[in-house]
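Inspection log for the structure reproduced underneath, given as structure tokens.
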Amino acid sequence: MDYIATFFTHSGAVKYKKYMTKLGVDIELLPVPRRLSSDCGIGARFSTSRDIGGFISEDIDKLFAVGKDGERLIFRSENL
Numbered sequence: 001m002d003y004i005a006t007f008f009t010h011s012g013a014v015k016y017k018k019y020m021t022k023l024g025v026d027i028e029l030l031p032v033p034r035r036l037s038s039d040c041g042i043g044a045r046f047s048t049s050r051d052i053g054g055f056i057s058e059d060i061d062k063l064f065a066v067g068k069d070g071e072r073l074i075f076r077s078e079n080l
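So, in structure tokens, the structure goes:
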């Protein structure tokens with residue numbers, strides 16, 4: 001499954017990329033599509049067949065599952 005994560009800060013996105021790389025997950029930082037929005041404007045796209053629960057960190061604002069019909073919100077941070 002493919003995913004797109006959005007972040008509160010640019011540094012949070014960079015930190016998340018390092019975290020995912022250590023876990024052996026290929027990840028790409030990219031501008032967040034406007035339809036998904038983000039406080040910092042940078043997101044991360046990755047693909048994994050593992051349980052997504054282990055990939056949610058405090059740096060993530062929102063996490064979307066990407067399918068052929070578009071993106072579906074599967075996680076939203078409670079940090080406001």
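Just so we're aligned, residue 1 is where the sequence shown starts under our numbering, counting upward by one. Cβ atoms here follow ideal geometry from the backbone N, Cα and C, with glycine treated the same way. Predicted, not measured: the structure shown is a model, and the values here were computed from it.
Taken atom to atom, the span from the alpha-carbon of MET1 to that of ARG35 is near 20 Å. Inside the stretch 6-80, DSSP marks whole beta strand (DSSP E) runs of 3 or more residues at positions 27-31, 42-47, 60-67, 70-76, from first to last along the chain.
Just so you know, the alpha carbons of PHE8 and THR48 end up roughly 23 Å apart. Going by beta carbons, GLU28 and ALA13 fall outside the 8 Å limit.
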